[in-house]
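The structure under discussion appears below in the form of C-alpha cells.
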Amino acid sequence: MNRIEGRVKVTGLATYAAEYPAENVAYAYAVQAQIAKGRVKRVDAAAALELPGVLAVLSCEAAPRLPEDADPELALFQRREVAYRGQIVAAVVADTYEIARDAAAHVRVDYDADDHDVRLSGDHPGLYQPEVVNPNFPSDTDKGDVEAGLAAAATTVDVTYETPVLHNNPMEPHAALALWDTEGRLLVYDTAQGTSGSRDTIAKTLGLPPEQVRVVSRHVGGGFGSKGTTRPQAILAALASRMVGRPVKIALTRQQMFDVTGYRTPTIQRLRLGVDGDGRLTALEHLAYEQSSTLVEFAEQTATPTRVMYASPALRTGHRLVRLDVATPSWMRAPGECPGMYALESAMDELACAAGLDPVELRIRNEPETEPFSGVPFSSRNLVGCLREGAHRFGWRHRDPRPGVTREGEWLVGTGVAASTYPARRSPCQAVATMRDGDVLVQVAAADIGTGARTALTRIAANALGIAPERVHVELGDSDLPRAPVAGGSAGTASWGTAVVRACEELRRDGKEGRADTTDEVKADAELARHAFGAQFAEVRVSAVTGEVRVSRLLGVFAAGHIVDEKLARSQFLGGMTMGLGMALMEETLTDEEFGGFLHRDLAQYHVPACADAQHVEAVWLEEEDGELNPMGSKGIGEIGIVGTAAAIGNAVHHATGHRFRELPITPAKILTARF
Amino acid sequence: MTITLQVNGVPRTVDVDPRMSLLDLLRERLGLIGAKKGCDHGQCGACTVLIDGRRANACLALAVAVDGREITTVEGLATDGELHPLQSAFMEHDAFQCGYCTPGQLCSAAGMLGEPGPSAVTEDLLDDPDLTPEEISERMSGNLCRCGAYVGIVAAIGEVAR
Amino acid sequence: MRPFEYARAGSTAEAVRQFAPGTMYLGGGTNLVDLMRLGVAEPERLVDVSRLPLDAVEEQGDRVRVGATVRNTDLAAHPLIRARYPMLARAVLTGASGQVRNVATVAGNLLQRTRCTYFQDVTRPCNKRRPGSGCPAIAGDHGNLAVLGTSDACVATHPSDMAVALAALDAQVHVTGPGGDRIIPMPGLHRLPGEEPERDTVLAPGDLITAVELPPPPPGASLYRKVRERASFAFALVSIAAALDVGRDGTVTSCRIALGGVAHAPWRAERAERALIGGPATGEAFLQAAEAELEQARPLPRNAYKVPLARNLIVATLEELAP
Numbered sequence: 001m002n003r004i005e006g007r008v009k010v011t012g013l014a015t016y017a018a019e020y021p022a023e024n025v026a027y028a029y030a031v032q033a034q035i036a037k038g039r040v041k042r043v044d045a046a047a048a049l050e051l052p053g054v055l056a057v058l059s060c061e062a063a064p065r066l067p068e069d070a071d072p073e074l075a076l077f078q079r080r081e082v083a084y085r086g087q088i089v090a091a092v093v094a095d096t097y098e099i100a101r102d103a104a105a106h107v108r109v110d111y112d113a114d115d116h117d118v119r120l121s122g123d124h125p126g127l128y129q130p131e132v133v134n135p136n137f138p139s140d141t142d143k144g145d146v147e148a149g150l151a152a153a154a155t156t157v158d159v160t161y162e163t164p165v166l167h168n169n170p171m172e173p174h175a176a177l178a179l180w181d182t183e184g185r186l187l188v189y190d191t192a193q194g195t196s197g198s199r200d201t202i203a204k205t206l207g208l209p210p211e212q213v214r215v216v217s218r219h220v221g222g223g224f225g226s227k228g229t230t231r232p233q234a235i236l237a238a239l240a241s242r243m244v245g246r247p248v249k250i251a252l253t254r255q256q257m258f259d260v261t262g263y264r265t266p267t268i269q270r271l272r273l274g275v276d277g278d279g280r281l282t283a284l285e286h287l288a289y290e291q292s293s294t295l296v297e298f299a300e301q302t303a304t305p306t307r308v309m310y311a312s313p314a315l316r317t318g319h320r321l322v323r324l325d326v327a328t329p330s331w332m333r334a335p336g337e338c339p340g341m342y343a344l345e346s347a348m349d350e351l352a353c354a355a356g357l358d359p360v361e362l363r364i365r366n367e368p369e370t371e372p373f374s375g376v377p378f379s380s381r382n383l384v385g386c387l388r389e390g391a392h393r394f395g396w397r398h399r400d401p402r403p404g405v406t407r408e409g410e411w412l413v414g415t416g417v418a419a420s421t422y423p424a425r426r427s428p429c430q431a432v433a434t435m436r437d438g439d440v441l442v443q444v445a446a447a448d449i450g451t452g453a454r455t456a457l458t459r460i461a462a463n464a465l466g467i468a469p470e471r472v473h474v475e476l477g478d479s480d481l482p483r484a485p486v487a488g489g490s491a492g493t494a495s496w497g498t499a500v501v502r503a504c505e506e507l508r509r510d511g512k513e514g515r516a517d518t519t520d521e522v523k524a525d526a527e528l529a530r531h532a533f534g535a536q537f538a539e540v541r542v543s544a545v546t547g548e549v550r551v552s553r554l555l556g557v558f559a560a561g562h563i564v565d566e567k568l569a570r571s572q573f574l575g576g577m578t579m580g581l582g583m584a585l586m587e588e589t590l591t592d593e594e595f596g597g598f599l600h601r602d603l604a605q606y607h608v609p610a611c612a613d614a615q616h617v618e619a620v621w622l623e624e625e626d627g628e629l630n631p632m633g634s635k636g637i638g639e640i641g642i643v644g645t646a647a648a649i650g651n652a653v654h655h656a657t658g659h660r661f662r663e664l665p666i667t668p669a670k671i672l673t674a675r676f
Numbered sequence: 001m002t003i004t005l006q007v008n009g010v011p012r013t014v015d016v017d018p019r020m021s022l023l024d025l026l027r028e029r030l031g032l033i034g035a036k037k038g039c040d041h042g043q044c045g046a047c048t049v050l051i052d053g054r055r056a057n058a059c060l061a062l063a064v065a066v067d068g069r070e071i072t073t074v075e076g077l078a079t080d081g082e083l084h085p086l087q088s089a090f091m092e093h094d095a096f097q098c099g100y101c102t103p104g105q106l107c108s109a110a111g112m113l114g115e116p117g118p119s120a121v122t123e124d125l126l127d128d129p130d131l132t133p134e135e136i137s138e139r140m141s142g143n144l145c146r147c148g149a150y151v152g153i154v155a156a157i158g159e160v161a162r
Numbered sequence: 001m002r003p004f005e006y007a008r009a010g011s012t013a014e015a016v017r018q019f020a021p022g023t024m025y026l027g028g029g030t031n032l033v034d035l036m037r038l039g040v041a042e043p044e045r046l047v048d049v050s051r052l053p054l055d056a057v058e059e060q061g062d063r064v065r066v067g068a069t070v071r072n073t074d075l076a077a078h079p080l081i082r083a084r085y086p087m088l089a090r091a092v093l094t095g096a097s098g099q100v101r102n103v104a105t106v107a108g109n110l111l112q113r114t115r116c117t118y119f120q121d122v123t124r125p126c127n128k129r130r131p132g133s134g135c136p137a138i139a140g141d142h143g144n145l146a147v148l149g150t151s152d153a154c155v156a157t158h159p160s161d162m163a164v165a166l167a168a169l170d171a172q173v174h175v176t177g178p179g180g181d182r183i184i185p186m187p188g189l190h191r192l193p194g195e196e197p198e199r200d201t202v203l204a205p206g207d208l209i210t211a212v213e214l215p216p217p218p219p220g221a222s223l224y225r226k227v228r229e230r231a232s233f234a235f236a237l238v239s240i241a242a243a244l245d246v247g248r249d250g251t252v253t254s255c256r257i258a259l260g261g262v263a264h265a266p267w268r269a270e271r272a273e274r275a276l277i278g279g280p281a282t283g284e285a286f287l288q289a290a291e292a293e294l295e296q297a298r299p300l301p302r303n304a305y306k307v308p309l310a311r312n313l314i315v316a317t318l319e320e321l322a323p
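Residue numbers (UniProt numbering), protein chains in the order written: chain A, 1 to 676; chain B, 1 to 162; chain C, 1 to 323.
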C-alpha cells in the first residue's frame, strides 16, 4: 500500500497552511528585534503606514491586549522588553506580500539596549539545577557510589562532549492563515503537529473559549518538533486579521524561522565511566549543561537515556541549566535522547578502546536485567539482538580494531557502532468510527506531518474491522475532530491507533458508530519500562588531504515492537538517520556573541544533508512482540532513527583517523586543525 | 507591469508588481500552489519549475523577467489525469514523507533527465554518462529533503531513467 | 524589496544607454534577486540584459569566446569547453545546483557577491555593504572567510568556482560601458578589499561584461577540485584550479595554480608557480612551492585550517597532475 495522500502530494494539490484560498486576503510580515536584551523605546510606523497598500502596523504601541498568563513567546506586542535578538517586536499588514515586506523595513524601532549574555559554558555562574527536565523527569538521579565505582575500576574515561545549536528546518516554513467570522469565531490554517493542543493554546493566548477557535492542518511540511507547540505566526495572523478585518496570511521566512520557531539547545556533557577487568561497568555518570531563555524554562532531558541503557552499580545523572538572552530552545527530533546518546555512545566507544574491548561486546556485557535506574522491568528490550544482527549484516567481525590503519589512497577508512533508544509512550486520545455508505469513516484530530499517519491509521482501522483498507477513510488534521495528542514523542501512532482500534471495536458492536476515549485505558497501563532500541553501524572515509568526511555506509537495525507499515517505517528510520548524519558532519547554528541572535540563518549556511550525502543509508528491523504497549503492539519510530547516528559516525571517524573529535559537527576544519 | 506567460500550456496575462517573484505569481495570483516556498533564495529547490523546459528556482526569477516564457509546474506534469512516470515512481518508492519538497523534486527530476553532459562526479568529462545512483544523487542535490527521503528519490528517478 | 523600475535591453548599446546612477544590470538574477530580497541590493532600476544575444560559445582560431549570457549549464556542457578546458567545465559543474546553473550567466557568476554572513544581514554592520560600519567577522564568524590578501576592513571571500578556473586560464573579460570597450585580464577583474571593500571588481559604473575570451589552454593536464563538508550544493571551503606540464627531463615547464575560497578574489598562486617552473616535479618541490605561497596568509583563529588545507590541496593536486 502506498501513502494514501501520495497522489495529491505528487500532483501539487495537497494544501499546506499558507495555501488555502481566501477572498481579499492580506499579508503580514514580522519586524524583529535588533538588540539581544533591553526595551523598545519607541516604534515609528509613520513611514510604513504612508506606503500605498499598507493596512496596519502592529507593535507594543498598537496591538490588542492579551491575557496576562499567556506564554511569553506567544504574547506578541504586549511588553516593551526584548528577551533576544530576532524576537518579533512589530508586524506590517498590507495588501500584498511585496508591500508588507518592504514596509517592514520602513518601521523604525528605537531601543534602550542592555548588555547581553548569550554564551553557554560549563562554568557559567548562572547555572542551576532545574526542578524537573522535559517532559517531567527528575533533573538529577543518583544510585550507588560513583566515586567508589570509578576508584575500583580497571579502566576509566572522563570526557566532555559538545553539541551545537541545531535547527529543525522543516522544508515548509511556519505559516498561518487566519479568518474571523461575524460571530467572532476564529479559523486558523496553521502548520501544527497537533490541532487540538494548538486550538487550546491559541484560544488561551487570545483569551477566547476553546470552542470559538478552530485549527486546521491537513498537510504539514515537516516539523520535527518545531511545530509541536504553537508558534508566533498563528497568533500574529489572528491578531492582524482582527485588526484589519480581513483574512491574513503569514509565512515566516527561512531566516525568521531560525529566530522564532525553536531550536535544539547546545549541550556540554561530561561523562565519567569505569569498567572492571571483565568489561562490566562499575560506575556511570552523565552530567549535561544546557541553556534556556529568560522567558521560559525549557530543560532538555539530555542525560535521561543514561538511566535506561546500561547496567551499573553506580549511576548518576544530572542537568544544569542557564538562562541566557536567547530565544527559548524547543523540541527537536528526539529531544534528550539525541544529544544525550551522542555523548553516552561516544563515551562507551572511548571506554571500549581504553579497555581493549570490542565496542559491540562492551555493550552486550552491560546489558541490564531491568531498567538501570528505576529497576522497573522492560516490556521488551532487544538491544543485544539489534547489535548482533547489525554486526552480522555489516561484516563487523572483519574489522581491524586498531584505529587509523585502513587507507585507500588519500582516504582513511573507519567503522563505528552506537546504540539507539527512544521511549515508547502513549497518551489519551479520542476517536470516532462511523459507517458511511458501506465504508468506514474514522475521525481523529491526529496530524500527518509526513509520518504517514493517514496511511498507518487506515491500516490499523482496517485490521481492527477486518475489512480492506480501501473501505476505510481517515479524517485528521482538524481541531473539530475528536481530541488527539500531537504528532510528537514518537507517540502519535500509539496514541491515535489505540483510540482508533477501540472506536472500531465499538463500531463492530454497535453496527453504526463507535466512539472511544482512551483516558482510562492509558491510565491503567502497568508500570513497565517501555522503550524501542536499535544499533547503528557507520563506515566513513576521511580525506587525509582535505579533512572531508563521507559516509560510505550507514546501517540501522531497530527493534520497535510490531511495525505497522513497512514502507512508512523504513522511510521514518532512514529519515532520522539522515538527519543524524547531518548532525554528525555539518549542522550547526552559530550564536552571535557580539550582537546576540544567530548567524548562518539560511539553508546555504546551515547545511542539512543533500542527496549526495545520503547515498548509502539502510534500515532494517527485528520483529518484536510486546503485548504491554497498545493494541497494535507498536513502539514509536519517528525519532529513534536519529538517536545514535552521530555517535556511530563520530566513532567511525575516530577509527579512521585515530583522533577523537568531541565537538559536533565533525568538519574538515576540525579534522585539519587536529590532525594535519 | 503586464506580462504574458504560458503556464502549463495555458496563456496567462497578468499585471504584476516588478518585485513579485515567479513563485509568488504562481502561488498567490494564479492559484498554483504546487511550487513551494522553502527558502526564497534558491537554497532548497522546493520551488523548482521548468522554464522553457529547463529546471529553475521560481523564487529567484522575477515575474517580469520571465515574460513570454513557458512555465511548467508540477500541476502540469500529468497529462489528462495520467500521472507522469516520475510521479508514479515517487509514490511507489515512497520518495517523500511530508511532501513539501516533492513538487520541486519532481520538476527537478523531469528537467534533469533532459540535461545533457557530465556532472561534477562524472569521471570522463567527454562522456554523457549513464544515470547511475551516484550521478542522480549529485544532479538532484539542489533539492533538499529534510525528511530524508533521498534513498527513495534516487530509486524512483533511477527507475524512470532506465 | 524596495520598488524599482524594470526595463529590458534589446542590445548592449541600449543597455549601457539605459544605465544611470541607481541602475543595476540583471542577468540570471540568481544572486541579485537573492540580495534584493535581503535588502542588501536596492537598485532603483533594473536593466534586464539576460536576453541580449550574447549567448554563444564560439571558436575563434585557437581561442574560444564565451558570451556573457551563456548559462552555466550550457558552458559546462559545451563540447569545446569539455574537451579543451576541462578545468573550467569541472569548476562550473561543482558550483551551486542544477537549477541555479541553468539560469546563472557567465557574467553574473563573475559578479556574484560574497556569502559572508554579516554582508547578507542588513541588521548587522559590514564594511562591504555599509562602508565604515565595521567588520564583525574579524572577531566573530569568519570560519569560511579569507586568509590571503585580507585587510583590516574586510575578510570576505569571492564565492565563485568558475572565476577560479578562469583566473588559472588567463581568461580575458570583455567589457563595454559608458567609457567605451576594454579588456580586463583574469585574474585582475576582482580586487582585494584594501580600504574599499565595497568594490568587488575594477569595473566602473555602467560597465557591462559582454564576453569572456579563453586563450589556448595551458599545456599538460589540468584539474579543478573543491573542498566542502557537504558532498554537493555548498560553497567551497577551499578550491583549486591547476594545470601542470612536465618536460621529459622531469622539470616543470608550465604551471598554473589558482585558489578559491581563500581571498576576496580568485587567488592566482604566482609565488608557487614561479617557484615550480624550471624545477623538479617532486612532492617536495610542490610542498615548498605551496608553503612559499601561503607564507603570505593572515589566518584568523577560526579559519586557520584553510592554510594547511590549501597547502595539502596544492600538493595533492600537483602530485595527481604530475606524470
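Ideal Cβ placement from N, Cα and C applies to all residues, glycine included. Since this is a predicted model, take the numbers as computed values, not measurements.
Beta-carbon gap between V175 of chain C and L214 of chain C smaller than 8 Å: On the third sequence, position 175 is the one that residue 175 of chain C refers to. On the third sequence, position 214 is the one that residue 214 of chain C refers to. No, these two residues do not count as a Cβ contact at 8 Å.
Interface residues of the region 41 to 70 of chain B facing chain A [CB-CB below 9 Å]: Cβ proximity to chain A below 9 Å picks out H41, G42, Q43, C44 and A46 from the region 41 to 70 of chain B.
Within-8 Å CB hit, M1 of chain C to chain A: Sequence index remark: in the third sequence, residue 1 of chain C carries index 1 (1-based). Yes, contact with chain A.
Cβ of E539 of chain A within 8 Å of any chain B Cβ: Here residue 539 of chain A corresponds to residue number 539 of the first sequence, with the count starting at 1. Judged by the 8 Å Cβ criterion, E539 of chain A is not in contact with chain B.
Three-state class that DSSP yields for L169 of chain C in the structure shown: Numbered from its first residue, the third sequence carries residue 169 of chain C at position 169. Three-state result, L169 of chain C: coil.
R90 of chain C - DSSP class collapsed to helix/strand/coil: As a first step, residue 90 of chain C must be located in the third sequence, where it is residue number 90. Helix.
Contacts that F595 of chain A makes with chain C (C-beta to C-beta distance below 9 Å): In the first sequence, counting from the first residue as 1, residue 595 of chain A sits at position 595. In chain order: T123, R124, P125, P136 and G140.
Of the residues C:H264, C:D62, C:V315 and C:A290, the one placed nearest G188 of chain C, counting alpha carbons only: Within the third sequence, numbered from 1, the residue matching residue 188 of chain C stands at position 188. Shortest Cα-Cα distance from G188 of chain C to any of C:H264, C:D62, C:V315 and C:A290 involves C:H264.
Inter-residue Cα distance where the pair is S5 of chain A and G99 of chain B: Locating residue 5 of chain A in the first sequence gives position 5, counting from the first residue. Locating residue 99 of chain B in the second sequence gives position 99, counting from the first residue. According to the sequence displayed, residue 5 of chain A carries Glu and not Ser. So the alpha carbons of these two residues sit roughly 9 Å apart.
Distance, A334 of chain A Cα to F378 of chain A Cα: As a first step, residue 378 of chain A is located in the first sequence; it is residue number 378 there, counting from the start. As a first step, residue 334 of chain A is located in the first sequence; it is residue number 334 there, counting from the start. Cα-Cα distance, rounded: 20 Å.
Endpoints, the alpha helix (DSSP H) within which Y111 of chain A is located: As a working note, residue 111 of chain A is residue 111 in the first sequence. Per DSSP, Y111 of chain A is not a residue of any alpha helix (DSSP H); the beta strand (DSSP E) it occupies stretches across R108 to A113.
The alpha helix (DSSP H) enclosing A76 of chain C, as first and last residue numbers: To locate residue 76 of chain C, count along the third sequence from 1; it is residue 76. Residues N72 to A77.
Enclosing beta strand (DSSP E) for A532 of chain A [first to last residue]: Within the first sequence, residue 532 of chain A is the residue found at index 532, counting from 1. Segment A529 to S543, the beta strand (DSSP E) holding A532 of chain A.
6 Å CB neighbourhood of M341 of chain A in its chain, flanking five on each side removed: Here residue 341 of chain A is taken as the residue at index 341 of the first sequence, counted from 1. The beta carbon of M341 of chain A is closer than 6 Å to those of P305, V643 and G644 in its chain, skipping five residues each way along the sequence.
Under the three-state DSSP convention, the category I235 of chain A falls into: Along the first sequence, one-based indexing puts residue 235 of chain A at 235. Helix at I235 of chain A.
Neighbour list for R550 of chain A in chain C, Cβ cutoff strictly below 8 Å: As a working note, residue 550 of chain A is residue 550 in the first sequence. Result: A231.
Below-8 Å beta-carbon distance, L126 of chain B vs any chain C residue: Working through the second sequence from its first residue, we reach residue 126 of chain B at position 126. Yes, because at least one Cβ of chain C sits closer than 8 Å to the Cβ of L126 of chain B.
Identity of the residues DSSP links to G556 of chain A by a beta bridge: One-based indexing of the first sequence puts residue 556 of chain A at position 556. A:Q536 and A:A619.
Secondary structure, beta strand (DSSP E): runs of 3+ residues fully inside the UniProt domain "2Fe-2S ferredoxin-type" (1 to 77) of chain B: For the UniProt domain "2Fe-2S ferredoxin-type" (1 to 77) of chain B, whole beta strand (DSSP E) runs of length 3 or above, ordered along the chain, are 2 to 7, 10 to 15, 48 to 51, 54 to 57 and 70 to 72.
Residue from B:I157, B:V74, B:G76 and B:I51 with nearest C-alpha to A65 of chain B: Translated into the one-based positions of the second sequence, residue 65 of chain B becomes position 65. Nearest of B:I157, B:V74, B:G76 and B:I51 to A65 of chain B, Cα basis: B:I51.
Pairwise C-alpha distance: R225 of chain C and R55 of chain B: For the purposes of this step, residue 55 of chain B is taken as residue 55 along the second sequence, with counting starting at 1. For the purposes of this step, residue 225 of chain C is taken as residue 225 along the third sequence, with counting starting at 1. R55 of chain B and R225 of chain C have their C-alpha atoms some 26 Å from each other.
Cβ-Cβ distance between S374 of chain A and A529 of chain A below 8 Å: Indexing the first sequence from 1 puts residue 374 of chain A at position 374. Indexing the first sequence from 1 puts residue 529 of chain A at position 529. Closer than 8 Å, so yes.
Selection from C:R124, C:S50, C:P178 and C:D200 that minimises the alpha carbon distance to A156 of chain C: Locating residue 156 of chain C in the third sequence gives position 156, counting from the first residue. A156 of chain C has its Cα closest to that of C:D200, out of C:R124, C:S50, C:P178 and C:D200.
Three-state secondary structure (DSSP) of Y289 of chain A: For this step, residue 289 of chain A is matched to residue 289 along the first sequence. Looking at Y289 of chain A - three-state DSSP - the assignment turns out to be strand.
Where H473 of chain A falls: helix, strand or coil (DSSP): Here the question's residue 473 of chain A lines up with position 473 in the first sequence. Here H473 of chain A sits in strand by DSSP.
Option in C:D170, C:I184, C:L237 and C:R191 with minimal Cα separation from T546 of chain A: Position 546 of the first sequence, counted from the first residue, corresponds to residue 546 of chain A. Comparing Cα positions, the closest option is C:L237.
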